[in-house]
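**Student:** Let me give you the structure first, and then I'll get to my questions.
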Amino acid sequence: MDVAAGVLAPILLLAVLVALLAGVLVFAMMLYAQRRGLLDQPGRRRLHRLPTPRGGGAGAVLALALGLLLLQLLPGAALPWRWTGMWLPALLLTALVGALDDHRGLGIGPRIAAHLAAGALLALSLWPQLSPVLQPPLALLLAAALVLATAWSINLHNFMDGSDGLLAMQVFTLALVFAWMAARSDQLPLLALALLLAAALAGFLPFNLPLPRAHVFMGDVGSGAFGFMLAALAFAGVARGAWSLPAVLLLVSAFAVDAGATLLSRMLRGRRWWRPHREHFYQWLARTRHSHAQALLAYLGWNLLLAIPLALWAQRDAALGWWLVAALYMLAGAAWWQGKRACRRAPRRHGNRHAPV
Numbered sequence: 001m002d003v004a005a006g007v008l009a010p011i012l013l014l015a016v017l018v019a020l021l022a023g024v025l026v027f028a029m030m031l032y033a034q035r036r037g038l039l040d041q042p043g044r045r046r047l048h049r050l051p052t053p054r055g056g057g058a059g060a061v062l063a064l065a066l067g068l069l070l071l072q073l074l075p076g077a078a079l080p081w082r083w084t085g086m087w088l089p090a091l092l093l094t095a096l097v098g099a100l101d102d103h104r105g106l107g108i109g110p111r112i113a114a115h116l117a118a119g120a121l122l123a124l125s126l127w128p129q130l131s132p133v134l135q136p137p138l139a140l141l142l143a144a145a146l147v148l149a150t151a152w153s154i155n156l157h158n159f160m161d162g163s164d165g166l167l168a169m170q171v172f173t174l175a176l177v178f179a180w181m182a183a184r185s186d187q188l189p190l191l192a193l194a195l196l197l198a199a200a201l202a203g204f205l206p207f208n209l210p211l212p213r214a215h216v217f218m219g220d221v222g223s224g225a226f227g228f229m230l231a232a233l234a235f236a237g238v239a240r241g242a243w244s245l246p247a248v249l250l251l252v253s254a255f256a257v258d259a260g261a262t263l264l265s266r267m268l269r270g271r272r273w274w275r276p277h278r279e280h281f282y283q284w285l286a287r288t289r290h291s292h293a294q295a296l297l298a299y300l301g302w303n304l305l306l307a308i309p310l311a312l313w314a315q316r317d318a319a320l321g322w323w324l325v326a327a328l329y330m331l332a333g334a335a336w337w338q339g340k341r342a343c344r345r346a347p348r349r350h351g352n353r354h355a356p357v
């Protein structure tokens, strides 16, 4: 990577400051949640056994937002103002809707409207990269697809935030991979953005890892916001040519297949697919093994052994990228199906823990 140390050093310093600030703010949010009684109670659809504060992700989101503002002061690393000016409101809107849902519950209508608005802001921010290379009808169709994909990313990460450390580790890991690919393609602003995203999660993870249990949950305020930010980073990198769309799809394969297959399964069986449930594979795995750590390691292992190596391969061989996506998603679908069958056959000393709800 041809980047002067004098430019990279301030980025690393800012990332360290974001991580430290995130840790302080997450701790403060944990105390706030305890005082306000914002506790997730153990229940039939939940995996934890003790009341646990929720909404700690707000601290990491605020640290990231401040980091994005300070990044604009670093010459050579600043994001385009069009990006920052649209991403920050979208990030904070998503976090605000999540915070309201954490505090008093919010209907699906306002949540989806906010998520689509965040997706629209992301699409508008990337419009200058879309419109010059595509005819207007195709550019508009791609922008609409981008809106829907962003809303899906927000909801996907909300769905997958149900086991200690799982979501935070996923976003942290992928942010580091994006940082590596940005460095390889000499995209300094994208490198800085990815490092700040990883730093915000680094400040949150010590409170959320199953060691032996999480001390605070991210909450909808964090899961949706980080789902948006990961989508913004991923799609901006594709627009800038830093990485390919197949590489992105390979990296998100574990979460995409678990969330997508579970949602499709519930819809086909006539379940209320928008309601909370316990049918994701990670939920079955954590209950069967009686361990959040084993569920976390299973998804991390998938990323380290399959998703990340194949994504880097797709970067080197563009012609092979979509074939790798097809192969990995078929493998992930088979693993999801067989994994659930194995969980059903596991000993059930306390009744059928995997009955659909």
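Numbering-wise, the numbering used here puts 289 at position 289 of the sequence shown, and it's gapless, one number per residue.
A virtual CB, placed ideally from N, CA and C, is assigned to each residue, including glycine.
#1: So Gly67 is in the alpha helix (DSSP H); what residue range does that whole segment cover?
#2: Using C-beta distances below 8 Å, list every residue in its chain close to Trp81, excluding the 5 sequence neighbours before and after it, in chain order.
#3: Per DSSP, Pro206 forms a beta bridge with which residues?
#4: Taking Ala200 and Leu64 to be in contact with their CB atoms under 8 Å, please state how far apart those CB atoms are, rounded to whole angstroms.
#5: Spatial neighbours of Arg77 within its chain, please: C-beta separation below 7 Å, excluding the five flanking residues on both sides.
#6: Could I get the ranges of all uninterrupted alpha helix (DSSP H) runs contained in the stretch 235 to 278, with 4 residues as the minimum, in chain order?
#7: Tell me where the alpha helix (DSSP H) around Asn155 begins and ends.
#8: To the nearest angstrom, how far is it from the Cα of Trp243 to the Cα of Gln34?
#9: Have a look at the DSSP bridge pairing and note the partners of Asp102.
#10: Report back the beta-carbon spacing between Ala95 and Val147 to the nearest angstrom; my notes put them in contact at under 8 Å.
#11: Measuring alpha carbon to alpha carbon, tell me which of Leu116, Gly219, Leu174 and Ala149 ends up nearest Asp164.
#12: For Leu39, which residues in the same chain have their Cβ closer than 8 Å to its Cβ, ignoring the five residues on either side in sequence?
#13: Mind checking which residues open and close the alpha helix (DSSP H) that includes Ser125?
#14: For Phe255, which of Phe207, Leu166 and Leu205 has the nearest alpha-carbon?
#15: Going by Cα to Cα distance, which pick from Ser291, Gln338, Asp102 and Phe235 is closest to Ala120?
#16: Alpha carbon to alpha carbon, what distance is there between Cys343 and Asn352?
#17: Would you kindly check if the distance between the Cβ of Leu91 and the Cβ of Phe228 is under 7 Å?
#18: How about Gln315 and Ala247: are their beta carbons less than 7 Å apart?
#19: Report, in whole angstroms, the separation of the C-beta atoms of Phe207 and Val216, which I expect to be a contact under 8 Å.
#20: In terms of residue numbering, what span does the alpha helix (DSSP H) encompassing His215 cover?
#21: Which term fits Leu13, buried or exposed, when burial requires 16 or more other beta carbons within 10 angstroms of its beta carbon?
#22: To which residues does DSSP link Pro53 through a beta bridge?
#23: Does Ala9 pass the burial test, meaning 16 or more other C-beta atoms within 10 Å, or should it be called exposed?
#24: Check Pro189 in the structure and name its three-state DSSP category.
#25: Leaving out five residues before and five after Met86 in sequence, what residues of the same chain have Cβ atoms less than 8 Å from its Cβ?
#26: Roughly how many whole angstroms lie between the Cα atoms of Pro356 and Gly270?
#27: So, with DSSP's three-state summary, where would you put His292?
#28: Could you check if Ala15 is buried or exposed, using at least 16 other CB atoms within 10 Å of its CB as the buried criterion?
#29: Reducing DSSP to helix, strand and coil, say where Leu74 ends up.
#30: Helix, strand or coil for Asp220 per DSSP?
#31: Where does Leu17 fall in DSSP's three states?
#32: On the CB-based measure, 16 or more other CB atoms within 10 Å of its CB, does Ile308 come out buried or exposed?
#33: Quick one: give me the first and last residue of the alpha helix (DSSP H) that Ala311 is part of.
#34: With distances taken Cα to Cα, identify the nearest neighbour of Leu156 among Arg213, Pro210, Leu300 and Ser223.
#35: Is Leu79 helix, strand or coil when you go by DSSP?
#36: Which word fits Val325, buried or exposed, when buried means at least 16 other C-beta atoms lie within 10 angstroms of its C-beta?
**Tutor:** According to the structure shown:
#1: In the DSSP annotation of this structure, the continuous segment of the alpha helix (DSSP H) that includes Gly67 starts and ends at Gly57 to Leu71.
#2: Gln72
#3: Its beta-bridge partners do not exist; DSSP assigns none.
#4: Contact holds; Cβ gap of about 4 Å.
#5: Contrary to the premise, residue 77 reads as Ala rather than Arg in this sequence. Taken in chain order, the residues that qualify are Val7, Ile11, Leu71, Leu188, Pro189 and Ala192.
#6: When DSSP assignments are scanned along the stretch 235 to 278, the uninterrupted stretches of alpha helix (DSSP H) that are 4 or more residues long and fall wholly within it turn out to be 245 to 251 and 253 to 268.
#7: Pro136 to Phe159
#8: 42 Å
#9: Bridge partners of Asp102: none, in fact.
#10: Rounded, the Cβ-Cβ distance is 19 Å, inconsistent with contact.
#11: Gly219
#12: Ala33, Pro51, Thr52, Pro53 and Arg54
#13: DSSP places Ser125 inside the alpha helix (DSSP H), whose first and last residues are Ile108 to Leu130.
#14: Leu166
#15: Phe235
#16: The predicted position of Asn352 is uncertain, since its pLDDT is 43 and thus under 50; no value can be drawn from it.
#17: In terms of Cβ geometry, Phe228 and Leu91 form a close pair [threshold 7 Å].
#18: yes
#19: 5 Å
#20: Unbroken run through His215: none, as it is neither H nor E.
#21: exposed
#22: Leu39
#23: exposed
#24: helix
#25: So the list reads Leu121, Leu122, Leu124 and Ser125, once near-sequence residues are dropped.
#26: For Pro356, the predicted structure reports a pLDDT of 41, less than 50, and the residue's modelled location is therefore unreliable. A value from the coordinates is still provided. Each residue's Cα considered, the two are about 12 Å apart.
#27: helix
#28: buried
#29: coil
#30: In the structure shown, Asp220 sits in a helix (DSSP, three-state: H, G or I).
#31: helix
#32: buried
#33: Ile308 to Arg316
#34: Ser223
#35: coil
#36: buried
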